[in-house]
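So the protein sequences, as listed, match chains A and B.
Quick note on this note's numbering: the first sequence kicks off at 1 and runs consecutively.
Quick note on this note's numbering: the second sequence kicks off at 289 and runs consecutively.
Every residue, glycine too, gets a C-beta built ideally from N, C-alpha and C.
Keep in mind the model is a prediction, meaning the values are calculated, not measured.
So the structure is just underneath, and the comments pick up after that.
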Amino acid sequence: MELRQSILELIRKASTDLSQDVENAILNAFNKEKEGTPARSVFNTIIENIRMAREQSTPMCQDTGALIFYIDFPVGGTEKFYTEAIHEAAKEATRLQYLRPNAVDSITSKNSGNNIGINAPYIHFRQWNKDEVRIQLILKGGGSENVGSQYKLPNSALKAGRDLAGVRKVIIDAVLNAQGLGCAPGIIGVGIGGDRVTSYILSKEQFFRKIGQRNPNKLLAGLEIGLYNDLNKLGIGPMGFGGKTTVLDVFVNTQARHPASFFVAISYTCWAFRRKSMIIKKQEVIYD
Amino acid sequence: MIKLNIPISEEDIRKLKVGDEVFLSGIIVTARDQAHKLMVEEKPDFIRDFLNESVIYHCGPVVRKDKDGTWSFVSAGPTTSIREEPYQADVICEYHLRGVIGKGGMGEKTSQGLQKCGAVYFHAVGGAGTLIANSVKKVINVFKLDEFGSPEAFWVIEVKDFPLIVTMDSHGARLHKEILERTKKIAKEIS
Chain A
1 MELRQSILEL IRKASTDLSQ DVENAILNAF NKEKEGTPAR SVFNTIIENI RMAREQSTPM
61 CQDTGALIFY IDFPVGGTEK FYTEAIHEAA KEATRLQYLR PNAVDSITSK NSGNNIGINA
121 PYIHFRQWNK DEVRIQLILK GGGSENVGSQ YKLPNSALKA GRDLAGVRKV IIDAVLNAQG
181 LGCAPGIIGV GIGGDRVTSY ILSKEQFFRK IGQRNPNKLL AGLEIGLYND LNKLGIGPMG
241 FGGKTTVLDV FVNTQARHPA SFFVAISYTC WAFRRKSMII KKQEVIYD
Chain B
289 MIKLNIPISE EDIRKLKVGD EVFLSGIIVT ARDQAHKLMV EEKPDFIRDF LNESVIYHCG
349 PVVRKDKDGT WSFVSAGPTT SIREEPYQAD VICEYHLRGV IGKGGMGEKT SQGLQKCGAV
409 YFHAVGGAGT LIANSVKKVI NVFKLDEFGS PEAFWVIEVK DFPLIVTMDS HGARLHKEIL
469 ERTKKIAKEI S
């Protein structure tokens, strides 16, 4: 199959077919809520919507997000080759209503109508030693992106120092501030360390983990589990109506930092957690 | 579950309380950031009749144009409402709205507007784009499509049994504000 067609299918799947791990987490959350509560009613609507979107092959959420691609490609490939295929696929996906036109000129506020603009779609390229290509995609909605935040430790207002206890405090603060917005229950990606830019990059890369997949570092895995339990004690619930599930998972990772800097970037995605991945090996395409 | 039909009287809207679940039917209008700015700065009349005793929906839909030129909604969940906070109360009173549909709730100024002019804030389920599009039976008209682009245009639509929850009523109650106060205390305990 042509690369453009394979990427179009990746976009279609991301927009219309919620991954099984996320759907299962939502079903679990639904089962925890009592009959007759707004929380239960919201989860009911969400679950029905997930099934309808898959069946009708239409976007589960009308905000089909900003397109963010991560491409790992073998030596010998060119970025131009992949970029052109992505642009063609994005235009076609917009024409077929898998995507809403979401690329707006920042000066004129004019919508390009096809999801193509300066730096849109955004593509991260990484060359690797494998003899295969991996293309990962996140459709990142505007509402959830707007509640992401970056903290600089120490933070005296939150009494958060330069240690994991401090990291924990700023993550709790970010989730508290996101309530009502960003379409809870959310999934939280955290990047500790790096510079201003790379801390956000690391936080978003965590979104390619499966729900329940813990960081191999025991200390960070413990932090993830503790945060998952405590954040769900907040009682924010779906859509911020109150309820037992506020987050579906928390993914944390670290990288080196400058001695003078200690950034913690927190990215938030809504329950409509649209990320998909595909591998191309010897002309064969495998979707996750 | 309360069934509500547009046009809605002030008397009926004032009966609604936070937590009420509603199925809404009738002709409503989508409006987002550019539309709200326009309604406050220029007070256009082309949308006036559609808004009288009706409801604005904060939504930027995915739409399809069929071969015969008619439009339909493909995916149409709510967008974050708080961006319209500077404009909303003025729009409610100027155009005699009975409600606003969105997500995330709104602030003090909008709450005052709801109380003064007799309207409520309905919360739709964020992300439920396909399900809500299925309750949109017909696209009646569209305004400012070329100028604003499809997410920001005024789409006049007929809905049937649109599922909603009242989270701000015309008596000053606000669900998200109550939850915020409660969760702030818990956050202190777990930090």
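- With respect to the 8 angstroms criterion, residue 388 of chain B and residue 375 of chain B are not classified as neighbours on the basis of their beta carbons.
- Along the segment 453-476 of chain B, the positions whose C-beta sits under 8 angstroms from a C-beta of chain A are 453, 455, 463, 464, 467, 468, 470, 471, 472, 474, 475, read in chain order.
- Non-local beta-carbon contacts of residue 251 of chain A in its own chain, meaning distances under 6 angstroms to residues more than five positions away in sequence, involve 189, 206, 209 in chain order.
- Contact annotation for residue 106 of chain A against chain B: no contact, minimum CB-CB distance about 14 angstroms [criterion: below 7 angstroms].
- Per DSSP, residue 187 of chain A lies in no alpha helix (DSSP H); the unbroken beta strand (DSSP E) holding it starts and ends at 186-192.
- Just measuring C-alpha positions, the residue of B/315, B/418, B/325 sitting nearest residue 372 of chain B is B/325.
- The beta carbon of residue 137 of chain A is closer than 6 angstroms to those of 10, 14, 69, 276 in its chain, skipping five residues each way along the sequence.
- With respect to chain B, the C-beta atom of residue 232 of chain A has no partner C-beta closer than 8 angstroms.
- Excluding its 5 nearest sequence neighbours in each direction, residue 332 of chain B has C-beta neighbours in its own chain below 7 angstroms: 326, listed in chain order.
- Here residue 158 of chain A carries a coil assignment [DSSP, helix/strand/coil].
- Within the model, the alpha-carbon separation for residue 316 of chain B versus residue 338 of chain B is close to 7 angstroms.
- Taking residue 428 of chain B as reference, the option from B/296, B/314, B/290 with the minimal CA-CA separation is B/314.
- In the same chain as residue 62 of chain A, and ignoring 5 residues on each side of it, the C-beta atoms closer than 8 angstroms to its own belong to 100, in chain order.
- Going by C-alpha positions, residue 48 of chain A is about 36 angstroms away from residue 264 of chain A.
- Contact check between the segment 110-117 of chain A and the segment 91-100 of chain A: three or more CB pairs, one atom from each, fall below 8 angstroms, which counts as touching.
- Taking 8 angstroms as the threshold, the shortest C-beta distance from residue 307 of chain B to chain A falls below it.
- Residue environment for residue 357 of chain B: exposed (fewer than 16 other C-beta atoms within 10 angstroms of its C-beta).
- Taking a C-beta cut-off of 8 angstroms against chain A, the contacting residues of the segment 345-370 of chain B are 347, 348, 349, 350, 351, 352, 362, 363, 364, 365, 367, 368, 370, listed in chain order.
- Secondary structure note for residue 373 of chain B: its alpha helix (DSSP H) is the uninterrupted segment 373-382.
- Exposed is the label assigned to residue 122 of chain A, since fewer than 16 other Cβ atoms lie within 10 Å of its Cβ.
- In this structure, DSSP gives residue 35 of chain A a state outside helix and strand, which the three-state scheme calls coil.
- Between residue 7 of chain A and residue 89 of chain A, the beta carbon gap of about 4 angstroms places them in contact (Cβ cut-off 8 angstroms).
- Counting C-beta pairs with one atom in each stretch, the segment 41-60 of chain A and the segment 412-431 of chain B have three or more that are closer than 8 angstroms, which means they touch.
- In the DSSP assignment, residue 464 of chain B falls within the alpha helix (DSSP H) that extends over 463-478.
- Unbroken alpha helix (DSSP H) runs of no fewer than 4 residues, entirely contained in the segment 8-67 of chain A, are found at 20-32, 38-56, following chain order.
- According to DSSP, residue pairing for residue 424 of chain B in a beta bridge involves B/447.
- Taking 8 angstroms as the cut-off between beta carbons, the residues of the segment 33-63 of chain A near chain B are 38, 41, 42, 45, 46, 48, 49, 52, 53, 56, 58, 59, 60, 61, 62, 63, in sequence order.
- If you compare the alpha carbons of B/437, B/433, B/336 with that of residue 380 of chain B, the shortest gap goes to B/336.
- Non-local C-beta neighbours of residue 287 of chain A in its own chain, meaning closer than 8 angstroms and more than five positions away in sequence, comprise 9, 10, 13, 276, 277, 278, ordered along the chain.
- Among the CB atoms of chain B, one or more fall inside 8 angstroms of the CB of residue 100 of chain A.
- Residue range 321-329 is occupied by the alpha helix (DSSP H) that includes residue 329 of chain B, with no beta strand (DSSP E) assigned at that position.
- Residue pairing from DSSP places residue 430 of chain B in a beta bridge opposite B/443.
- Taking one beta carbon from each stretch, the segment 421-439 of chain B and the segment 458-475 of chain B have fewer than 3 pairs nearer than 8 angstroms; the two do not touch.
- Against chain A, a Cβ distance below 7 angstroms from residue 479 of chain B picks out 169, 172.
- At least one CB of chain A lies nearer than 8 angstroms to the CB of residue 413 of chain B.
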